[in-house]
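Student: Encoded as structure tokens, here's the structure I'll be asking about.
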Amino acid sequence: MITTELSNVGNIIQNQREFFNSGKTKDVTFRIEQLKNLKQAIIEHEQSIVEALQADLHKPEVETYLTEIGVIKEIDYAIKHLKNWSKPKKAPVSFDFFSYSARIYPEPLGVVLIIGPWNYPFQLIISPLVGAIAAGNCAIIKPSEIASHTSDVIAKIIAKHFDPAYIAVVEGGVEASQKLLAEKFDHIFFTGGTAVGKIIMAAAAKYLTPVTLELGGKSPCIVDTDINLEHTIRRITWGKFINAGQTCIAPDYLLVNKTIKKDLIDGVEKCLKEFYGDNPANSSDYARIISQKHFDRLVNFLKDGEVIIGGKTQPSERYIAPTVIDNVSLEDSVMQEEIFGPILPIIEYTDIAEAIALINSRPKPLALYLFSQNKNLQKRVLQETSSGGVCINDTVMQVGVSSLPFGGVGDSGIGNYHGKASFDTFSHNKSVLQNSFWLDLKWRYAPYQGKLPLIKKLLG
Ligand code: NAD
């Protein structure tokens, strides 16, 4: 294990400040080289990454490639577009500014801090790092201590391929986070729970450090009757139970039109058998709960409502079967807290207005899912609800589209990233206005006598 002495944190930041001030990261060619370096480092260590995620979460190799190593797609996208993103952009000026030119120069922020969670512990560190590198920053990374094997692999990869004066890893838990948060950074990018998000923002406020907070919450999934039932069932079952439900944008609970509820439940049961066999505990394609603490928290939810599918647990393995719960009350803890595990409550509605009202009575979610081909219904849900993002007739896939900014709103987060949005998050847009010397009209200079009519005309 590569551990950075916490007492060393101040030195690392100092070295990074010096590296940043050398101007090296402002060179776009350097940034592209570093992105290629990062990609190569990931490819070289693929096997260690797969093994670490297997050890932390029993993550199936296919899921590791799809959702962790797949971050390479983000690197390729940044390499392809970086020259264009980093160019100064001409901005239009109005007629009264005819002797001026206006430009927007994206410039790096400086030394940034990236703090990650344990559920996609590799991707959720590397993906913001791609933005930080692309925008020309130095970065300190703090992976989650709870996914300890992945944290070690990240530390090894970064130490082997990057100068710590440019990119460094600080491993550890709350103590390490707090030590880092006591220092001044130029941006803090945090992925984790809402409660810790508030701690991060409070620490950042001390130095007026801007933050991106990628948080969680309860993402609802509405299922209307105007659907292809088979496709709907498969897409919901996959999105909910991938990584054993420990996905920030997993459908947290279903809001189902009453008339198709029974068919949907029967279909989910059949689909689970197709995916994981008669006993998912024996399937190599089904993950485990990250820790005893999280396992205990989830087992408590099984007391709520009526378990109609699954419900089995194996504490020694931290296994919880894919579970569907019916007849929950909105006051039950399973409907109050973010579930973040393989437990799916189903709530029925007769009129879409009920589903919308329920969503709007709660904090704004990170994702909202709607299964319906009815254009009017789609329009209504889009207009009458607010969420970080929406995915219609599928689940989770929105995270894989680099051209879509990814982030929350309200309690589910502040700011966004992926693709160009990552570059923007880690850049400052410097506005530059330039005048010329060929003319100097006197309308704005004192004495003002007689100039008001012209000023009023210009404003009008
Ligand atoms: P967490 O908030 O407990 O921890 C995240 C990070 O914060 C870890 O690195 C941890 O060491 C650090 N941390 C924990 N307590 C701290 C404290 N008191 N002070 C400073 N730092 C502290 O989150 P988690 O349990 O790792 O992840 C689960 C949460 O993250 C869920 O709510 C989930 O929805 C959310 N999440 C959001 C996204 C997203 O993209 N929006 C992605 C994944 C997870």
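My numbering numbers the first residue of the sequence shown as 102 and each following residue consecutively. We put the beta carbon where it would ideally sit given N, CA and C, even for glycine. What you are looking at is a predicted structure, and each value in this text was computed from that prediction instead of being measured.
Looking at C-alpha atoms only, which residue of ASN494, LYS125, PRO443, VAL275 is the closest neighbour of ASP264?
Tutor: The shortest Cα separation from ASP264 among ASN494, LYS125, PRO443, VAL275 belongs to LYS125.
Student: How would you write the range of the alpha helix (DSSP H) that CYS372 sits in, first residue to last?
Tutor: Here the alpha helix (DSSP H) through CYS372 covers 362 to 377.
Student: Could you check whether the Cβ of THR424 sits closer than 7 Å to any heavy atom belonging to the ligand HEM?
Tutor: Although the ligand HEM was asked about, the structure shown includes only the ligand NAD as ligands.
Student: Leaving out five residues on either side along the sequence, give the residues of the same chain with a beta carbon under 8 Å from the beta carbon of SER430.
Tutor: Contacts found: ASP405, GLY406, MET436.
Student: Excluding the 5 residues preceding and the 5 following LEU399 in the sequence, name in chain order all residues of the same chain whose CB lies nearer than 7 Å to its CB.
Tutor: So the list reads ILE390, ILE421, GLY442, ILE444, once near-sequence residues are dropped.
Student: Does at least one heavy atom of the ligand NAD sit under 7 Å from the Cβ of LYS160?
Tutor: Answer for LYS160: no, Cβ out of range of the ligand NAD.
Student: So, is PHE121 buried or exposed, given that buried needs 16 or more other C-beta atoms within 10 angstroms?
Tutor: With 16 or more other Cβ atoms within 10 Å, it is buried.
Student: In whole angstroms, give me the CA-to-CA distance for ILE258 and VAL110.
Tutor: One C-alpha to the other measures close to 19 Å.
Student: Just to confirm my understanding: we take GLN135, look at its own chain, exclude 5 residues before and 5 after, and list those with CB closer than 7 Å. What are they?
Tutor: Closer than 7 Å at the Cβ level, and outside the excluded window around GLN135, lie ILE234.
Student: With respect to the beta strand (DSSP E) encompassing GLU449, which residues constitute its N-terminal and C-terminal limits?
Tutor: Segment 444 to 450, the beta strand (DSSP E) holding GLU449.
Student: Thinking just about the alpha-carbon of each residue, which of PRO554, ALA468, LEU483 is nearest to the one in GLY509?
Tutor: Minimum Cα distance to GLY509 is reached at ALA468.
Student: Quick check: what's the CA-CA separation for TRP539 versus SER200?
Tutor: Using only the alpha carbons, I get a separation of about 8 Å.
Student: Does the ligand NAD have even one heavy atom less than 7 Å from the beta-carbon of LEU49?
Tutor: Limits of the chain in this structure are 102 at one end and 561 at the other, which puts residue 49 out of reach.
Student: By how many angstroms is the C-alpha of ASN401 removed from the C-alpha of GLU439?
Tutor: Looking at the two C-alpha atoms, the distance is approximately 13 Å.
Student: Per DSSP, ASN358 is paired with what?
Tutor: Beta-bridge pairing links ASN358 to TYR450.
Student: If we count the other Cβ atoms within 10 Å of its Cβ and call it buried at 16 or more, is GLU145 buried or exposed?
Tutor: With fewer than 16 other Cβ atoms within 10 Å, it is exposed.
Student: Less than 8 Å separating the beta-carbons of ARG336 and THR496?
Tutor: It is a contact, given that the beta carbons lie within the stated cut-off.
Student: Could you pull out every residue in the same chain whose Cβ sits closer than 6 Å to the Cβ of ILE409, ignoring the five residues on either side in sequence?
Tutor: Cβ within range, chain order: VAL425, ASP427.
Student: My assumption, with CB atoms under 8 Å, is that LYS57 sits in contact with GLY237. Please give the rounded CB distance.
Tutor: As shown, the chain starts at 102 and ends at 561. That puts residue 57 outside it, with no answer to give.
Student: In terms of DSSP beta bridges, what is ILE566 paired with?
Tutor: Limits of the chain in this structure are 102 at one end and 561 at the other, which puts residue 566 out of reach.
Student: For the ligand NAD, any of its heavy atoms closer than 7 Å to the Cβ of VAL194?
Tutor: No.
Student: Apply the 10 Å Cβ neighbour rule to VAL357 and answer buried if 16 or more other Cβ atoms are within range, or exposed otherwise.
Tutor: Label assigned to VAL357: buried.
Student: Would you list the one or two residues that DSSP bridges to SER528?
Tutor: According to DSSP, which records beta bridges pairwise, SER528 is partnered with PRO209.
Student: Can you check which of these residues, HIS159, SER108, ALA303, THR130, is closest to SER384 by C-alpha distance?
Tutor: Minimum Cα distance to SER384 is reached at HIS159.
Student: Extract the residue ranges of the alpha helix (DSSP H) inside the region 472 to 545, only unbroken runs of 4 or more that lie entirely within it.
Tutor: Counting only runs of 4 or more, we get 476 to 485, 520 to 526.
Student: Between which two residues does the alpha helix (DSSP H) containing PRO229 stretch?
Tutor: Note, PRO229: alpha helix (DSSP H), 224 to 235.
Student: Could you name the residues of the same chain whose beta carbon sits closer than 8 Å to that of GLU485, not counting the 5 residues immediately before and after it, in chain order?
Tutor: Excluding sequence neighbours, GLU485 sits near ILE457, ASN461.
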